[in-house]
Amino acid sequence: MSAELGLDAPRLDPERTPLADEVTDLGSGEERVLHEGARYPVVGAEVELGDGVAWREWTRHPGAVGIVATRPAEPPEDLEVFCVRQYRHPVRATAWEVPAGLLDVPGEPMLTAAARELAEEAALTADTWSTLADYHTTPGGSAEAIRVFWARDVHDVAEDDFGREGEEADMTGHWVRLADLLDAVHAGRVHNPSTVIGALALDRVLHRGASARPADAPFELGPVDHR
Numbered sequence: 054m055s056a057e058l059g060l061d062a063p064r065l066d067p068e069r070t071p072l073a074d075e076v077t078d079l080g081s082g083e084e085r086v087l088h089e090g091a092r093y094p095v096v097g098a099e100v101e102l103g104d105g106v107a108w109r110e111w112t113r114h115p116g117a118v119g120i121v122a123t124r125p126a127e128p129p130e131d132l133e134v135f136c137v138r139q140y141r142h143p144v145r146a147t148a149w150e151v152p153a154g155l156l157d158v159p160g161e162p163m164l165t166a167a168a169r170e171l172a173e174e175a176a177l178t179a180d181t182w183s184t185l186a187d188y189h190t191t192p193g194g195s196a197e198a199i200r201v202f203w204a205r206d207v208h209d210v211a212e213d214d215f216g217r218e219g220e221e222a223d224m225t226g227h228w229v230r231l232a233d234l235l236d237a238v239h240a241g242r243v244h245n246p247s248t249v250i251g252a253l254a255l256d257r258v259l260h261r262g263a264s265a266r267p268a269d270a271p272f273e274l275g276p277v278d279h280r
């Protein structure tokens, strides 16, 4: 076994090696579109790896946002999170999810997209916004990068005149206690990644001394087309 694996692997010194993902591009050739899907293309390219050049294929993705919208609960030390129930055909499931949506409007900032999606999916607007988490959904096979926002001081939109189509046509909304949502996450009953990550991050902010970042905090490893 390599000396840098297993129990002999070195302990990280965060002062010498920052615990942070780095922008890196080992592509050695131009990306080729292999399939134009209805929503996302599948692309491929040669990549220079440690043992030579390899061919890799992945889904090109514009990126997305998720929104953990909260309101005070009773007792007031708890919060309620707005969730929707929505059908997801690839996993053959009706899933509990926080509102979310694609960065599919050219030039639209992430925060603007989040406010738009909150209004469209939840009929809510928020006065206070923060960043809870940034993540890549499937970095080995997709370029999708997501920022999860925390939306507070929420109100009903003035007019709910959004035309909801497809999966959203049958979508229902519910206020869920954060404690109940966390129980469902830890029990393996809720699987949507933005919901799982957002709930755990919010719990850490509320009860473990972490701080939410500004809504416009840098996302260096955000969607490739937005860097």
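Sequential numbering from 54 applies to the sequence shown in this note's numbering.
Just so you know, even glycine gets a beta-carbon here, dropped at the ideal spot from N, CA and C.
* Close Cβ partners of Trp108 (< 8 Å) along its chain, the five nearest in sequence each way excluded -> Start at 1 with the first residue of the sequence shown, and residue 108 comes out as number 55. Excluding sequence neighbours, Trp108 sits near Gly97, Ala98, Glu99, Val100.
* **Where the beta strand (DSSP E) through Glu133 begins and ends** => Taking the first residue of the sequence shown as position 1, residue 133 is located at position 80. Element bounds for Glu133: 132-141.
* In terms of residue numbering, what span does the beta strand (DSSP E) encompassing Glu99 cover? -> Along the sequence shown, read from residue 1 onward, the residue named residue 99 stands at position 46. Taken as a continuous stretch (DSSP letters only), the beta strand (DSSP E) holding Glu99 covers 94-102.
* Give every residue of the same chain whose Cβ lies closer than 7 Å to the Cβ of Asp53, excluding the five residues on either side of it in the sequence, and list them in chain order. => Residue 53 lies beyond the range of the chain shown here (54 to 280); nothing can be said about it.
* Could you tell me which residues DSSP puts in a beta bridge with His316? => What is shown of the chain runs 54 to 280, which leaves residue 316 out entirely.
* Are at least three pairs of beta-carbons, each pair with one atom in the segment 264-274 and one in the segment 169-177, less than 8 Å apart? -> no
* What residues in its chain sit with their C-beta under 6 Å from that of Leu79, if we drop five residues either side in the sequence? -> Along the sequence shown, read from residue 1 onward, the residue named residue 79 stands at position 26. Excluding sequence neighbours, Leu79 sits near Val100, Glu101.
* Asked: If you drop the 5 nearest sequence neighbours on each side, which residues of the same chain put their C-beta closer than 6 Å to that of Thr248?
  -> For the purposes of this step, residue 248 is taken as the residue at position 195 of the sequence shown. These residues qualify, in order along the chain: Glu150, Val151.
* Unbroken alpha helix (DSSP H) runs of length 4 or more, entirely within the segment 218-264: which are they? -> 231-239, 246-260
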